[in-house]
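Some notes on the structure that comes next.
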Ligand SMILES: [Ca+2]
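In our numbering, the protein residues as written are 301 to 744.
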């Protein structure tokens, strides 16, 4: 009994090991990125993208809030307060909001625009519900951010992720560097650009140049001109949902959560190389980098909460062949084969590895056909000696001819009737010459 049991257990273990890799399911994730300093709009593919700028809402933006709209460009809006005025605010550009542009290039100065947000009640919450099918990307310009603001993502009634804006303070610091604009180090984009953390502090409308070098313009809020406006973080936040992760609604909560240019996409989007990876909100994230400045293409960062095979490479590099991934750009780190199974227990950055594609041995390219020969047509008048043979040797015919099948046994099978005749004639001529030579010797 024991031995049988042992064998059975061995079989079970073997089966389990054999089945496990195939049963690993690809599960998506949610990853947070922040755009470069002074960026106020989303940098994503426009396909499937909707943006609410809050610039064309009915009524006048006020300091005391408005009746919250129920329909917006990106979906519908509900609140946790009655009347809804108590939950939202809709305001003209001020110190804490109102983007000057909705595009993704860094922008400073400008007149600003209307913006939106939660009211000043600490338990205010506003929820945007997206059209049927949900979204794979949510971005918004978080301006003058307060600690305690929270963004929560839902799929149906299930909370799938939340972002406490304290995460941004963890990344960028909770105060501008004392030696602003530099100091406190920098954050680095996926493409390798270093952004000084200090550049995220201060309303871009107050900047007179970028990179900033001086106090900047005054920014008016409620009729008060602020020349010192570096106490708050201004940054465009990007949340990428991958795989089976889809958000059907997003809730902004906490008091004074101001934002603008709320953008969604129904398509899975690729984080631009200008973005800075902040953290994975669901699962862990693998970022795929091209590994070379002259490589082209782009890849969506892969986020997952369970083991999954690495995404297929989508970079190309002229003259090189992709050979796999490595945690170090120069290939001295840990290698990962293409499509390798990764446990997603940690975040990971992988660089594409390239091998020079051997140049094929040069096949003998057909040299140009001699087109220059026509000039060599004989211009000299044919001499008398050439009159006997030329025309006959070049007069090809498709007919085969047997010639001289006598006792010597040779058969000439040529496609030239005239040639055969000529050869036969030539043989006859040789015979005649021999006779002549013999006879001449005899004579001499
Ligand atoms: Ca706006």
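We put the beta carbon where it would ideally sit given N, CA and C, even for glycine.
Quantities reported herein were computed from a predicted structural model and do not represent experimental measurements.
| Item | Value |
| --- | --- |
| Cα-Cα separation, residue 403 to residue 341 | 5 Å |
| Proximity test, residue 595 beta-carbon vs ligand 2 heavy atom, cut-off 7 Å | Only ligand 1 can be found as ligands here, which leaves ligand 2 out of the picture. |
| N-terminal and C-terminal residue of the beta strand (DSSP E) that residue 471 is part of | Here residue 471 belongs to no beta strand (DSSP E); instead the alpha helix (DSSP H) covers 466-472. |
| 6 Å CB neighbourhood of residue 476 in its chain, flanking five on each side removed | 498, 501 and 530 |
| Candidates 352, 615, 580 and 471, of which the one nearest residue 535 by Cα | 471 |
| Residue(s) in a DSSP beta bridge with residue 374 | Beta-bridge pairing links residue 374 to no other residue. |
| Bounding residues of the beta strand (DSSP E) (the contiguous stretch that carries residue 651) | 648-656 |
| Residue 396 versus residue 622 - alpha carbon distance | 47 Å |
| Beta-carbon spacing of residue 430, residue 549 below 8 Å | yes |
| Contact check, residue 344 vs residue 461, beta carbons under 8 Å | no |
| CB contact below 8 Å: residue 652 versus chain B | No chain B is part of this structure, which consists of one protein chain only. |
| Helix, strand or coil at residue 391 according to DSSP, with G and I counted as helix | strand |
| DSSP beta-bridge partners of residue 521 | 524 |
| Contact belief for residue 391 with residue 361 at Cβ below 8 Å, rounded distance in angstroms | 5 Å |
| Assigned secondary structure, residue 326 (DSSP; H/G/I helix, E/B strand, else coil) | Interpretation of residue 326 is limited by its pLDDT of 42, a score under 50 that renders its predicted location unreliable; the figure taken from the coordinates is listed afterwards. Residue 326 falls in the coil class under three-state DSSP. |
| Same chain, Cβ closer than 6 Å to residue 747, neighbours up to 5 away in sequence not counted | Beyond the ends of the chain as shown, which are 301 and 744, falls residue 747; an answer cannot be given. |
| Buried/exposed call for residue 423, threshold 16 Cβ in 10 Å | exposed |
| Cutoff 7 Å; reference residue 496; Cβ partners in own chain excluding five residues on either side | 481, 482 and 486 |
| Buried versus exposed call for residue 544 [16 or more other C-beta atoms within 10 Å across all chains shown] | exposed |
| Proximity test, residue 552 beta-carbon vs ligand 1 heavy atom, cut-off 7 Å | no |
| Residue 637 burial status per 10 Å Cβ neighbour count (16 or more: buried) | exposed |
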